[in-house]
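Here the structure is laid out as structure tokens; the discussion comes afterwards.
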Amino acid sequence: MTVRKVALLTAGGFAPCLSSAVGGLIERYTELAPEVEIIAYQYGYQGLLSGRYLTVTPEVREKAALLHRFGGSPIGNSRVKLTNAKDLVKRGLVQEGQDPLQVAAERLTADGVDVLHTIGGDDTNTTAADLAAHLAENDYGLTVVGLPKTIDNDVIPIKQSLGAWTAAEQGAEFARNVVGEHNSGSRMLIVHEVMGRHCGWLTAATAQAYRRWLDTQEWLPEFGLSREAWDVHAVYVPEAVFDLDREAARLTEVMDRVGNVTIFLSEGAGLDTIVAQLEASGAEVPRDPFGHVKIDRINPGQWFAEQFAERLGAEKVMVQKSGYYSRSAAANTDDLRLIKSMTDYAVDCALRGESGVIGHDEENGDRLTAIAFDRIKGGKAFDLSSPWYGELLDGIGQPATSAAAAH
30 MTVRKVALLT
40 AGGFAPCLSS
50 AVGGLIERYT
60 ELAPEVEIIA
70 YQYGYQGLLS
80 GRYLTVTPEV
90 REKAALLHRF
100 GGSPIGNSRV
110 KLTNAKDLVK
120 RGLVQEGQDP
130 LQVAAERLTA
140 DGVDVLHTIG
150 GDDTNTTAAD
160 LAAHLAENDY
170 GLTVVGLPKT
180 IDNDVIPIKQ
190 SLGAWTAAEQ
200 GAEFARNVVG
210 EHNSGSRMLI
220 VHEVMGRHCG
230 WLTAATAQAY
240 RRWLDTQEWL
250 PEFGLSREAW
260 DVHAVYVPEA
270 VFDLDREAAR
280 LTEVMDRVGN
290 VTIFLSEGAG
300 LDTIVAQLEA
310 SGAEVPRDPF
320 GHVKIDRINP
330 GQWFAEQFAE
340 RLGAEKVMVQ
350 KSGYYSRSAA
360 ANTDDLRLIK
370 SMTDYAVDCA
380 LRGESGVIGH
390 DEENGDRLTA
400 IAFDRIKGGK
410 AFDLSSPWYG
420 ELLDGIGQPA
430 TSAAAAH
């Protein structure tokens, strides 16, 4: 096929890769096919439905490398599900009776787009899958190439999602200052809430990165500067079941001996229990257009803090969330390398008319390939048997936990 015009969009929550991925795609097209016109729909699928886009001018091409220096997305994101017509009508993005997939297809046709690049997580790429299927069924002849973005690192069957490494590094950096509060009062309880609705990879990786930083420091325990006080004392992830009372007993001993306790908590840990309590009390549980519980309205970190505070005899409690800090960062060196390999391959696939989501396929020898959209799913569980996770728990004195029921 001849590619004359391509469109880009970023969607879903931010991750430390979006700006760089946009820049990488622009650079690769400029390198291989400078004659191809590039546009970028603003605010994800919202911009696609409304026809709002930016044009990649020669000046933008010349300065595309600047995008690698920044977090966020220069073209904007939104949470839009093309198969949720009711929500889209409510938001004024389509009219009553319209099929959003058809509206999107007609917009792409009207804009003369031959290739659509979607950069997002499982929701973005399952939405892209719905759109790609609609385009194929109706003979639109348009190639859709996705890139996997999620700090949760939970897209099946992709080994490593863009931005996740950076998010863990940034979460650990955030934790340095938060944990520095450990002796701002006696018997201090700190809960560091990390993003991760169903997957605990980010929380565990953040704790691991933070403890690696601890390894590089010198300590003066005889004058109150002890590694034990600065350490992580518990890591709770959605995949693991733990006994609250037993953990409280263990952490009470830490509190009595060290004088403070720090917990790293996945936002999705214990979420089912919290939601069940709210619903049993008659409270309405807010959800987004994809049906996900709005975790920021549920506040799991505060719930856990309340459960532990009394049991531990905490005199001061602090709950801090690193999510927005870590997810809006610029990509680190490791992610920049991964982004380049994936954006280069995405353009190669697009120019030969091959649709799919770019990633290292865990079900195909970790080979970098364009994975068929119908194989892309969210909710990949963190592997509790990972040796590095076992070493993390051993290092903080936390007993290994059994797996929770799958969500």
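Just so we're aligned, residue 30 is where the sequence shown starts under my numbering, counting upward by one.
Ideal Cβ positions, reconstructed from N, Cα and C, are used throughout, including at glycine.
Residue range of the unbroken alpha helix (DSSP H) whose run includes residue i
{"i": "Lys-34", "result": "That residue, Lys-34, is in no alpha helix (DSSP H); its beta strand (DSSP E) goes 34-39."}
{"i": "Thr-153", "result": "151-166"}
{"i": "Ala-50", "result": "47-61"}
{"i": "Ala-201", "result": "193-208"}
{"i": "Tyr-169", "result": "Segment: none, Tyr-169 is in no alpha helix (DSSP H) and carries neither H nor E."}
{"i": "Gly-339", "result": "The question names Gly, but residue 339 in the sequence shown is Glu. Run containing Glu-339: 329-341, per the alpha helix (DSSP H) assignment."}
{"i": "Glu-91", "result": "87-91"}
Helix, strand or coil at residue i according to DSSP, with G and I counted as helix
{"i": "Ala-399", "result": "strand"}
{"i": "Thr-31", "result": "coil"}
{"i": "Ser-370", "result": "helix"}
{"i": "Phe-252", "result": "helix"}
{"i": "Ile-303", "result": "helix"}
{"i": "Leu-137", "result": "helix"}
{"i": "His-211", "result": "helix"}
{"i": "Val-184", "result": "coil"}
Exposure of residue i, with buried meaning 16 or more beta-carbon neighbours within 10 Å
{"i": "Tyr-353", "result": "exposed"}
{"i": "Leu-294", "result": "buried"}
{"i": "Gly-149", "result": "buried"}
{"i": "Thr-138", "result": "exposed"}
{"i": "Ser-213", "result": "exposed"}
{"i": "Asp-151", "result": "buried"}
{"i": "Gly-311", "result": "exposed"}
{"i": "Thr-179", "result": "buried"}
{"i": "Ala-343", "result": "buried"}
{"i": "Trp-332", "result": "buried"}
Sequence-distant residues of the same chain with beta carbon closer than 6 Å to residue i, five excluded per side
{"i": "Arg-226", "result": "Gly-297"}
{"i": "Asn-182", "result": "Ser-190, Ala-193, Trp-230"}
{"i": "Tyr-72", "result": "Gly-105, Ser-107"}
{"i": "Ile-355", "result": "Strictly speaking, residue 355 in this sequence is Ser, with Ile absent from that position. The residues are Ala-196, Gln-199, Gly-200."}
{"i": "Lys-25", "result": "The chain is shown from 30 up to 436; residue 25 falls before or after that span and cannot be answered."}
{"i": "Pro-267", "result": "His-227, Gly-229, Ser-295, Gly-297, Ala-298"}
Same chain, Cβ closer than 7 Å to residue i, neighbours up to 5 away in sequence not counted
{"i": "Val-132", "result": "Leu-78, Val-123"}
{"i": "Glu-125", "result": "Val-118"}
{"i": "His-262", "result": "Leu-280, Val-283, Val-290, Thr-291, Ile-292, Ile-425"}
{"i": "Ala-277", "result": "Phe-337, Arg-340, Leu-341"}
Start-to-end residues for the beta strand (DSSP E) that takes in residue i
{"i": "Asp-390", "result": "385-390"}
{"i": "Gln-349", "result": "345-350"}
{"i": "Phe-293", "result": "289-295"}
{"i": "Ala-298", "result": "No beta strand (DSSP E) contains Ala-298, which DSSP labels as neither H nor E."}
{"i": "Leu-83", "result": "82-84"}
When the options are compared against residue i, the one with the closest alpha-carbon
{"i": "Thr-155", "options": "Glu-202, Lys-406, Tyr-418, Leu-413", "result": "Lys-406"}
{"i": "Pro-250", "options": "Gly-288, Ser-213, Leu-421", "result": "Gly-288"}
{"i": "Ile-282", "options": "Asp-301, Leu-38, Glu-257, Ala-158", "result": "According to the sequence displayed, residue 282 carries Glu and not Ile. That would be Glu-257, whose Cα lies nearest to the Cα of Glu-282."}
{"i": "Leu-117", "options": "His-146, Thr-86, Ala-94, Gly-76", "result": "Gly-76"}
{"i": "Gly-42", "options": "Arg-275, Gly-100, Ala-69, Gly-52", "result": "Gly-100"}
{"i": "Val-174", "options": "His-97, Ala-379, Val-89, Asp-274", "result": "Ala-379"}
{"i": "Leu-176", "options": "Thr-430, Cys-46, Lys-323", "result": "Cys-46"}
Close Cβ partners of residue i (< 8 Å) along its chain, the five nearest in sequence each way excluded
{"i": "Ala-50", "result": "Thr-39, Ile-148, Leu-176, Lys-178, Leu-191, Ile-368, Met-371, Thr-372"}
CB contact check: residue i to chain B, cutoff 8 Å
{"i": "Leu-397", "result": "Absent here is chain B; the protein component of the structure consists of one chain."}
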